[in-house]
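**Student:**
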Amino acid sequence: MLKRHFAGVAAALALAASPAFAADKPIVIGVPVGLSGANSVVAPSVVQSAELAVEEINAAGGVLGRQLKLEVADDASGAAGAQKAFDSLIYQKKVDVLISMETSAARNAGLPAVTKGKVPYIYTSFYEGRSCNKNMFVNAWVPEQQVPPVVDAFAKDKGAKTYFLIGSDYAFGRGMLAFTKSYIEKIGGKVVGEEYLPMDGSDWTAIISKLKDAKPDALITSTAGGAPNVTLTKQLRGAGVALPYANLAVDEGTAKSMGADAEGVYLSASYVTGIESPENKTFLAAMSKKFGAGLKTPNDLSVPQYEAIYLYKAAVEKAGGTETAKVLEALPTVSFTGPRGAISMSKQHHAPLTMYLGQVQGDGSVKVVGSFKDVDPGEQCPKLN
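Residues -22 to -1, 1 to 363 in mature numbering (1 follows the signal peptide of the UniProt record, and there is no 0) are what the sequence shown spells out, letter by letter.
(1) Helix, strand or coil, according to DSSP, for R20 in the structure here?
(2) Are the CB atoms of P127 and L335 within a distance shorter than 8 Å?
(3) Note down, in chain order, each residue of its chain lying with its Cβ closer than 6 Å to the Cβ of K159, except the 5 sequence neighbours on either side.
(4) Can you tell which of S18, L13, A31 and V6 has the C-alpha that lies nearest to the C-alpha of P282?
(5) For M114 and G218, what's the separation of their Cα atoms in angstroms?
(6) I'd like to know whether the C-beta atoms of V11 and V24 end up nearer to each other than 8 Å.
(7) In whole angstroms, give me the CA-to-CA distance for V125 and D53.
(8) Do A37 and V9 count as a contact pair if the criterion is CB distance below 8 Å?
(9) Report the residue from A83, A84 and F64 whose alpha carbon sits nearest the alpha carbon of V75.
(10) Taking the alpha helix (DSSP H) that E80 falls in, what are its first and last residues?
(11) With the cut-off set at 8 Å, would you say L262 and N117 are in Cβ contact?
(12) In the DSSP assignment, find the beta strand (DSSP E) that holds G5 and state where it starts and stops.
(13) Measuring CB atoms only, is the region 193 to 210 touching the region 133 to 144, in the sense that at least three cross pairs come out at less than 8 Å?
(14) Using a Cβ-Cβ cut-off of 7 Å (strictly less than) and excluding sequence neighbours within five positions of T93, which residues of its own chain qualify?
(15) Where does residue 436 sit, in a helix, a strand or coil, going by DSSP?
(16) Near P22, which residues of its chain fall below 7 Å by C-beta distance, leaving aside the five closest residues on each side in sequence?
(17) When DSSP labels each residue in this structure, what does D208 get in the three-state scheme?
(18) What are the boundary residues of the beta strand (DSSP E) that Q337 is part of?
(19) Which value, in whole angstroms, describes the spacing of the CA atoms of Q26 and A192?
(20) Identify the residues that DSSP records as bridge partners of G316: which are they?
(21) Considering only DSSP beta bridges, list what M114 is partnered with.
(22) Which residue from S82, Y223, K259 and R85 puts its Cα closest to that of D239?
(23) Whole angstroms is fine: what's the gap from L46's alpha carbon to I186's?
(24) Count the C-beta pairs between the region 226 to 233 and the region 200 to 209 that are closer than 8 Å, then say yes if the count reaches three, no if not.
(25) Determine the burial state of N363: buried for a count of at least 16 other Cβ atoms within 10 Å of its Cβ, exposed for fewer.
(26) Is K148 helix, strand or coil by DSSP?
(27) Along the beta strand (DSSP E) that carries L48, what are the first and last residues, could you check?
(28) Write down every uninterrupted run of the alpha helix (DSSP H) in the region 192 to 255 whose length is 4 residues or greater and which is fully enclosed by it, in chain order.
(29) Using a Cβ-Cβ cut-off of 6 Å (strictly less than) and excluding sequence neighbours within five positions of L226, which residues of its own chain qualify?
(30) Any idea which residues DSSP pairs V353 with across the strands?
(31) For the candidate residues I321, D354, P90 and G59, whose alpha-carbon lies nearest to that of N17?
(32) When the Cα atoms are used, what is the spatial distance from V(-14) to S146?
(33) Pop quiz: P330 and P355 are said to be a contact at Cβ under 8 Å. What is the actual Cβ separation, rounded to whole angstroms?
(34) Quick one: what's got a C-beta closer than 6 Å to Y249's C-beta in the same chain, skipping five residues either side?
(35) Could you compute how far the alpha carbon of A91 sits from the alpha carbon of G348?
(36) Put F(-2) into one of helix, strand or coil per three-state DSSP.
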């Protein structure tokens, strides 16, 4: 009788390990994102893009016959929350991949868990560049792609020679402005002030006073995505600052939420809703149909999330499964044509991107005033190739 019992257990285990059983098991995508904290302004749009991609892929038959499943975790937009979110997704939820935009502080805090847990990670947020991990791929812009269009336009069209820089005091803020300063000086300009406020800070009064005293020709800011963009811009307008102003961290959705305060602000992005392409029109129509009045404005932080899920799908299909080593080998060789055009993370785990220089209009829309095709991300992670 005992032998018969163990034989039954062995048969059940064999069935569980069979390909048929594996095909029934969903592929789990972990999305650690700032539902609270600085990124809470933009995180809902990121989750919506992920939900649409998963719904579309599942409706078309899934990936290798398996359905996709989302597991969303709040990383609180910072390091401590990210450690908990990454650990939960990797070790408790047993996700097959992590795909998300996050603050640089959250990304850096989560990377050790990515390495230890041996999961692929597609980072979908624009960032300060040169964050390198064999398990991480990036499909968003870096300074080499985003900063030159802004500075060149200010120098050429506005005659700007002196600049004041304002940022959030963390990796993204300082990294972006370090590159911006070097580029300004490279083309013969001068930085007459550079100031930072902690990520959770909201009173920019003292910094705005220094800005006014410096009397620059133009202002460029790089704050944490979301709330700091809103508070800084509102206080700048309240203080009567009317300089040519570019925000390196604002996305179209956040700009729209600012109302009149954002009018005239310049941004440099790899995505704006006004892109005239069949893929973008189809995407926007699908988002509107799915979310209706609850739709958050698709933007340069949410659209890469949508495309990254399709890129992961392509990599899994090429790899023949979700085994991390094979997926990582496939990721730089696949591409997906979506709202931003053809995207491939083929350059040192980063993606060449078409960039758009835009200016926020009175109704919150972004008018494209310049475009730059297939901008190279430059030297990011040469040792990973």
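All residues carry an ideal CB built from backbone N, CA and C; glycine is no exception.
Computed from a predicted model, the values in this text were never measured in an experiment.
**Tutor:** Put simply:
(1) One point to set straight first is that residue 20 is Val, not Arg, in the sequence displayed. The three-state reading of DSSP puts V20 in coil, since its state is none of H, G, I, E or B.
(2) yes
(3) Same-chain partners within the cutoff: V169.
(4) A31
(5) 43 Å
(6) yes
(7) 28 Å
(8) no
(9) F64
(10) For E80, there is no enclosing alpha helix (DSSP H), as DSSP marks it with neither H nor E.
(11) no
(12) The sequence shown places Ile at residue 5, rather than the Gly named in the question. Unbroken beta strand (DSSP E) run through I5: I5 to V11.
(13) Cβ pair count under 8 Å is three or more, so yes.
(14) Within the same chain, Cβ atoms closer than 7 Å to the Cβ of T93 are found at N111 and N113, the five residues on either side in sequence being excluded.
(15) The structure shown does not extend to residue 436, since the chain is modelled only from -22 through 363, so no value can be given for it.
(16) K274
(17) A small correction: the amino acid at residue 208 is Val; Asp does not occupy that position in the sequence shown. Reduced to three states, the DSSP call for V208 is helix.
(18) L331 to V338
(19) 42 Å
(20) Within the DSSP bridge table, the entry for G316 names G319 as partners.
(21) Y99
(22) Measuring from the Cα of D239, the nearest candidate turns out to be Y223.
(23) 47 Å
(24) yes
(25) exposed
(26) It should be pointed out that residue 148 corresponds to Tyr in this sequence rather than to Lys. In the structure shown, Y148 sits in coil (DSSP, three-state: anything other than H, G, I, E or B).
(27) L46 to D52
(28) 205 to 216 and 230 to 236
(29) M154 and S200
(30) L331
(31) G59
(32) A caution first: V(-14) carries a pLDDT of 46, below 50, which makes its placement in the model unreliable, though a value can still be read off. Spanning the two alpha carbons is a distance of roughly 58 Å.
(33) Correct: roughly 7 Å between the Cβ atoms.
(34) D278, V281 and R318
(35) Straight-line spacing of the CA atoms in A91 and G348 works out to 40 Å.
(36) Note that F(-2) scores a pLDDT of 47, beneath 50, so its modelled location is shaky and nothing firm can be said.
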